[in-house]
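Notes follow the structure.
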Amino acid sequence: GAGVSQSPSNKVTEKGKDVELRCDPISGHTALYWYRQSLGQGLEFLIYFQGNSAPDKSGLPSDRFSAERTGGSVSTLTIQRTQQEDSAVYLCASSLTASGGWTDTQYFGPGTRLTVL
Amino acid sequence: GESVGLHLPTLSVQEGDNSIINCAYSNSASDYFIWYKQESGKGPQFIIDIRSNMDKRQGQRVTVLLNKTVKHLSLQIAATQPGDSAVYFCAENIWDTGFQKLVFGTGTRLLVSP
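Residue numbers (the working numbering), protein chains in the order written: chain R, 11 to 127; chain X, 91 to 204.
Spelled out as structure tokens, the structure:
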């Protein structure tokens, strides 16, 4: 596709339920990032993928959060046993590489707005 | 639309004026900086970037200035238009245990009046 796409655009769930958020990066981009944006706050880094591997998962808020990426493309962010404080916009970005050059520019998707009731 | 932040610093300008949005970054080792524009209900959109070996970079109606001495970044928008109304974030690229990570500022809301 022309840009990063995310689905669903909006998700309302009940406390305690599991949710899956999907990200389709720009074709050919090897690096993929997940961020969380809460109301009144900036973007919080969650996790980064280079290919299918995630070198650093320390940004994930708790062990209820996990992410995977398959085939070097689509990524899924899963939140188990959702809590009200998980309500936020979850943004995905991709970049051509993550090698420290100009090709590292991250391009963002529109985000998934998660509301936990 | 969704509000990105309720307590963001706000810059209000008239259409046609030049706008300057400032940002202080924290890590003197940061080597790459980006400005993003975020409209309500949308993801951040890349505007312009600059490497640490540069002081200035110009795009279409936008200029980014980098002052490494005081760790300050600014975005200048010429002839501001109502469509420029959005929240603007600066981001610094840092290397953390072998991979790059963007650290975002808290954002500035730009309001352009016709």
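Glycine residues also receive a C-beta, built at the ideal position from the N, C-alpha and C atoms.
Chain X within 7 angstroms of Gly13/R, Cβ atoms only: no
Residue-chain proximity (Tyr100/R, chain X), Cβ-Cβ < 7 angstroms: no
Unbroken beta strand (DSSP E) run spanning Gly43/R, endpoints: Going by the sequence as given, residue 43/R is Tyr instead of Gly. Start and end: 41-47.
Touching by the beta-carbon criterion (3+ pairs, under 8 angstroms), the segment 20-34 of chain R and the segment 72-88 of chain R: yes
Positions along the segment 116-132 of chain X whose CB lies within less than 9 angstroms of some CB in chain R: The residues in question are Asp121, Tyr122, Ile124, Tyr126, Gln128, Gly131, Lys132.
Residues bridged to Asp66/R (per DSSP): Tyr58/R
Contact set between the segment 145-158 of chain X and chain R, restricted to residues whose Cβ is under 8 angstroms from the partner: none
Length of the line joining the Cα atoms of Asp107/X and Thr92/R: Distance between the alpha carbons of Asp107/X and Thr92/R: 46 angstroms.
Where Gln94/R sits in the DSSP three-state scheme: helix
Among Asp174/X, Val160/X, Leu200/X, nearest to Ser116/X - alpha-carbon criterion: Val160/X
Contacting residues, own chain, Cβ-Cβ under 6 angstroms from Leu155/X (five flanking each side not counted): Lys146, Ser164
Own chain partners of Ala168/X with C-beta closer than 7 angstroms, once the 5 adjacent residues on each side are dropped: Asn108, Arg151
Beta-carbon proximity of Leu124/R to Ser105/R, cut-off 7 angstroms: Their beta carbons are not under 7 angstroms apart, which means Leu124/R does not touch Ser105/R by this criterion.
Chain R contact for Pro134/X (CB, 7 angstroms cutoff): For Pro134/X, the answer is yes, since a Cβ of chain R falls inside 7 angstroms of its Cβ.
Segment contact flag, the segment 15-24 of chain R with the segment 167-182 of chain X, C-beta cutoff 8 angstroms, min 3 pairs: no
Three-state secondary structure assigned by DSSP to Asp174/X: Looking at Asp174/X - three-state DSSP - the assignment turns out to be helix.
Cβ-based contacts, 9 angstroms cut-off: residues of the segment 173-202 of chain X near chain R: Phe179, Ala181, Asn183, Trp185, Asp186, Thr187, Gly188, Phe189, Gln190, Lys191, Leu192, Val193, Phe194, Gly195, Thr196, Gly197
Interface positions of the segment 60-89 of chain R facing chain X (Cβ-Cβ less than 9 angstroms), listed along the chain: Gln60, Pro65, Asp66, Ser68, Gly69
Spatial neighbours of Tyr100/R in its chain, beta-carbon cut-off 7 angstroms, leaving aside the 5 residues before and after: Leu31, Trp44, Arg46, Leu87, Gly121, Thr122, Leu124
Residue-level contact to chain X via CB, Gly26/R, 7 angstroms cutoff: By this cut-off, Gly26/R is not an interface position.
Cβ of Leu56/R within 7 angstroms of any chain X Cβ: no
Segment limits, beta strand (DSSP E) that includes Tyr126/X: It spans 122-128 - the beta strand (DSSP E) in which Tyr126/X sits, taken as one unbroken run.
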